[in-house]
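Heads up: the sequence lines are chains A and B, in that order.
Going by our numbering, the first sequence opens with residue 1, and the numbers climb by one from there.
Going by our numbering, the second sequence opens with residue 1001, and the numbers climb by one from there.
We put the beta carbon where it would ideally sit given N, CA and C, even for glycine.
All of these numbers come straight from a predicted model, not from anything done at the bench.
Beneath this line is the structure, given in structure tokens, with notes to follow.
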Amino acid sequence: GAVVSQHPSWVICKSGTSVKIECRSLDFQATTMFWYRQFPKQSLMLMATSNEGSKATYEQGVEKDKFLINHASLTLSTLTVTSAHPEDSSFYICSASRGPSYEQYFGPGTRLTVT
Amino acid sequence: DAKTTQPPSMDCAEGRAANLPCNHSTISGNEYVYWYRQIHSQGPQYIIHGLKNNETNEMASLIITEDRKSSTLILPHATLRDTAVYYCIAHNPNRDDKIIFGKGTRLHILP
């Protein structure tokens, strides 16, 4: 149990376009989902915390208008990278949790390349 | 969450036990020690966690010192598939859900 999926697994887009990444908890209801970004040879960096039915909480330095997060249901959160630029190219990873004191389960990641 | 310190890299021969150390000298009483690993180009995988007592599961063992200032993750019989970056995290799951990753230890299993 406790499987988290992401779609797509990789995407290439042109500079200036927007890209949407989905994160789904397949066999449990996730009250909280998290979005991370990872650049090559670096650790995961938390971008934002997403609670179902409420606005996401962004970490310092992460532009909320550029990285739109929607957690519309207990099994789905989406991250939209708006007006993507080459520097947004990265590995985006989500995780999901049933709530406080529960484990976090990570998705397989989405590799975004902006040309 | 308390800061953790891990060696940047380690080597281990295939079939031998891999012992990965972690220092967390500022850990608070209600913070658990969590271990995750990340195989190249994949999402992190949960390994084990503990508060005070040593823990063992099908993947690994976790040894926490009595003062809780350090811990060791043990992979009893390392295989090539255990090559990954291992992250040690001190985290209170009841206070704040978010997990902050440090730099981890890059473990190379040598054939």
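Contact between the stretch 3–12 of chain A and the stretch 1074–1092 of chain B is absent: fewer than three C-beta pairs spanning the two stretches fall below 8 Å. Relative to the Cα of B:GLU1058, the nearest Cα in the group B:THR1065, B:ASP1067, B:ILE1048 and B:ILE1064 belongs to B:ILE1048.
No Cβ-Cβ contact shorter than 9 Å links A:GLN42 with A:ILE93. Taking the CA atoms as reference points, B:HIS1108 sits about 20 Å from B:ASN1023. Taking a 10 Å sphere around the C-beta of A:ALA72, we find fewer than 16 other C-beta atoms and assign the residue as exposed. At a cut-off of 3 residues, the continuous stretches assigned as beta strand (DSSP E) that sit fully inside the stretch 23–101 of chain A are 32–38, 45–51, 67–73, 76–81 and 90–97. In the structure shown, B:ARG1037 adopts extended strand secondary structure according to DSSP, grouped into three states. For A:GLU103, the neighbours in chain B by C-beta distance under 7 Å run, in chain order, TYR1046. Residue contact with chain B for A:ARG24: absent (no Cβ-Cβ distance below 9 Å to any residue of chain B). At a cut-off of 9 Å between beta-carbon atoms, B:ARG1095 makes contact with chain A.
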